[in-house]
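Below: the structure, in structure tokens.
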RNA sequence: GGCGGUAUAGCUCAGGGGUUAGAGCACUCGGCUCAUAACCGAGGUGUCCCUGGUUCGAAUCCAGGUACCGCCA
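In our numbering, the protein residues as written are 81 to 676.
Next up, the structure:
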């Protein structure tokens with residue numbers, strides 16, 4: 081039975097291009113889920129966007145002498161284009177700097193405030209002496225009062241490990257301009273998280289689908305919740321929607337609070353652009369909907385504690401939600417969190433030049449081998465290391481050798497001896513066994529994907545390709561082409577049918593090559609579709625670019641289907657390029673040249 | 001520092017109180033030749049991080065330690 085599926089991948093921060101660790105964490109896993117559920121016939125909404133507020137962007141802007149908006153514009157475009165090239169089939173990949181997002185964030189803020197879930201408090205804050213902007217603790221350094229280490233940060237001394245307040249530091253100074261910070265009282269709004277603990281605990285306990293570590297980690301936090309600041313002394317952010325703050329530019333909503341609301345605001349934006357402004361309700365105010373949130377492990381707390389608290393507090397809502405009479409907004413169902421990817425044994429770090437940007441890889445390699453690697457060898461359940469040697473090996477020995485070669489030999493035989501999909505005679509036991517195995521793959525692979533066991537799902541699909549290779553080896557149709565042409569025809573019909581179905585089973589993982597194969601096999605229409613840029617109006621005569629796609633027009637479906645005899649078969653074109661092992665050394669040299 | 005997670009073959013990972021610990025890839029040998037020198041079959045591969053405890057029996061459970069990762073920050 082179809083039910084609406086919301087796929088909510090984490091929002092990449094628009095401070096710079098995103099690296100392949102991000103693609104492994106929120107990218108590829110989310111797209112596999114979205115493509116599978118669409119093929120399975122469910123209405124899917126995958127929404128995300130670039131996260132564009134906050135101090136790191138203002139710091140980058142000051143450094144370059146341009147506005148925060150200019151930084152955000154630049155990297156939002158770069159990130160969105162990289163994700164497009166990776167084949168991320170978003171329905172709406174937008175930005176947090178749109179008027180729509182601002183309105184939805186302000187509605188959530190106001191509603192939570194009205195209901196008493198947001199409180200005010202005065203705290204001592206640190207400000208830059210030169211710009212007057214707020215200085216986050218980690219941007220302040222000084223001498224550690226405990227061990228005397230001169231490079232201690234305002235949150236912690238890395239030498240002695242002690243937790244610090246910026247006011248503890250001896251000779252504190254800003255890491256940005258070197259000036260001593262100014263400390264003064266400042267009033268802020270806080271989300272009253274402890275109020276939600278009583279409802280969060282039973283809800284988390286009931287989430288048996290979550291991975292054990294996500295659940296225990298979250299439960300552990302529930303008992304120690306503190307109110308969390310949701311405003312900052314900064315000019316760059318969503319304005320606080322209260323009369324007393326009108327016209328003031330010194331306080332804004334804290335970036336984390338506005339970013340998580342993006343899942344909702346992007347859904348509202350998608351609905352408005354689709355021509356049915358109410359369409360988002362089918363995903364958010366519908367108990368039959370299933371919500372997947374996809375992120376790396378450093379983001380878990382936002383998706384299991386903080387965002388659910390905000391959703392619980394908002395309930396059926398204020399202006400956007402519609403209020404009484406509407407169902408409450410749905411809470412997350414699946415938390416698909418990944419571990420971390422390292423790069424040739426080193427942590428990704430923009431500041432130290434350790435990294436590999438998604439766009440750089442896609443300049444030199446095709447998207448499917450990268451997607452294959454990040455799914456097959458990615459950090460699904462523990463930290464893993466990206467190495468070029470492993471990338472070449474996975475591509476050549478698994479992707480090309482198993483799947484690419486199966487397609488190549490099957491299509492080549494059929495093309496040479498028949499020029500079309502040959503007719504089948506009475507199938508033998510072996511024919512039935514191999515077809516039944518591939519047919520059963522729909523349920524096995526599909527169940528594994530739906531449960532977010534993506535690595536196991538891919539392994540299962542690839543094992544079926546290996547089984548069809550084995551079938552061909554045993555049946556030897558190339559021998560029979562002359563001696564027993566009807567039998568050779570049947571074998572190739574069976575093999576082609578299996579390949580045509582494997583194309584669907586692999587499409588969530590390898591959408592580009594499955595699409596190419598779809599056309600090689602002479603099918604009409606698009607198998608799953610690819611994202612493209614479109615313009616969404618902002619209502620003020622302006623607009624902004626979004627990543628979207630017309631996936632509903634795709635013809636693929638997650639079910640065994642026969643292949644019509646007589647369909648013309650062209651000469652095979654390789655689905656994947658085999659990589660020269662020399663690229664390992666080339667890439668390592670490139671890293672050494674650009675890194676530290 | 002506190003809390004949590006992870007540690008199993010060269011690599012990526014499964015498993016899990018009970019005979020000789022598993023899969024794929026890598027590797028070796030054999031076969032095949034339709035296929036991007038691809039494919040098929042067979043085979044070896046391990047102090048299951050360390051120490052101690054519980055137990056008839058621990059890689060599995062418990063405690064401590066070490067390393068790595070995340071959160072608190």
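Where a beta carbon is used, it is the ideal one built from N, C-alpha and C, also for glycine. Computed from a predicted structure; not experimentally measured.
Around the Cβ of residue 569, a 10 Å sphere holds 16 or more other Cβ atoms; the residue is buried. Taking a C-beta distance under 9 Å as the contact criterion, residue 493 and residue 561 qualify as a contact pair. For residue 342, the enclosing alpha helix (DSSP H) has its first and last residue at 335–354.
As for any alpha helix (DSSP H) of minimum length 4 sitting wholly inside the segment 582–670, the runs are 591–600, ordered along the chain. The shortest CA-to-CA distance from residue 673 to any of 464, 436, 477, 598 is the one to 436. In the DSSP assignment, residue 126 forms a beta bridge with 87. In the three-state DSSP reduction, residue 197 falls in the coil class, being neither helix nor strand.
For residue 455, the enclosing alpha helix (DSSP H) stretches over residues 447–456.
In the DSSP assignment, residue 251 falls within the unbroken beta strand (DSSP E) covering 250–254. If you compare the alpha carbons of 596, 132, 299 with that of residue 340, the shortest gap goes to 132.
Leaving aside the five residues that flank residue 650 on each side, the residues in its chain whose CB is nearer than 7 Å to its CB run, in chain order, 495, 600. The three-state reading of DSSP puts residue 420 in coil, since its state is none of H, G, I, E or B. Around the beta carbon of residue 250, fewer than 16 other beta carbons lie within 10 angstroms, which makes this residue exposed.
DSSP places residue 374 in the uninterrupted beta strand (DSSP E) bounded by 370–376. Following the DSSP letters along the chain, one finds residue 265 inside the beta strand (DSSP E) bounded by residues 262–271. It is roughly 14 Å from the alpha-carbon of residue 589 to the alpha-carbon of residue 165. For residue 465, the enclosing beta strand (DSSP E) covers residues 464–466. Taking C-beta atoms under 8 Å as the contact rule, residue 573 and residue 524 fail to qualify, at a distance of about 24 Å. Contact between the segment 174–188 and the segment 357–364 is not established, with fewer than three Cβ pairs separated by less than 8 Å.
Sequence-distant Cβ neighbours of residue 104 in its own chain, meaning closer than 7 Å and more than five residues away, are 418, 421, 454, 458, 459. Rounded to the nearest whole angstrom, the CA to CA distance from residue 192 to residue 394 is 6 Å. Counting every other CB atom within 10 Å of its CB across the protein chains shown gives residue 554 a total below 16, marking it as exposed. For residue 608, same chain residues with a beta-carbon under 6 Å away, outside a window of 5 residues either side, are 115, 587, 591, 634, 636 in chain order. Scanning 320, 575, 544, 540 for the CA closest to the CA of residue 556 turns up 575. The Cβ neighbour count for residue 212, taken over all protein chains shown within 10 Å, is under 16; the residue is labelled exposed. The beta carbon of residue 87 lies closer than 6 Å to those of 110, 113, 114, 126, 372 in the same chain, with the five residues before and after it left out. According to DSSP, residue pairing for residue 232 in a beta bridge involves 222. For residue 202, the three-state secondary structure derived from DSSP is strand. Annotation: residue 369 to residue 397 spans about 18 Å, alpha carbon to alpha carbon. Burial state of residue 381 is exposed, judged by a 10 Å Cβ sphere holding fewer than 16 other Cβ atoms. The beta carbon of residue 261 sits closer than 8 Å to the beta carbons of 206, 207, 208, 209, 215, 220, 246, 252, 253, 254 from its chain, once the five residues preceding and following it are set aside; these are given in chain order.
If you draw a straight line from the Cα of residue 445 to the Cα of residue 283, it is about 44 Å long. For residue 157, the enclosing alpha helix (DSSP H) starts and ends at 148–165. Cβ neighbours of residue 488 within its own chain (closer than 7 Å, five residues either side excluded): 652, 654. A direct Cα-Cα distance of roughly 6 Å separates residue 502 from residue 646. Here residue 385 is buried. Its C-beta has 16 or more other C-beta atoms within 10 Å.
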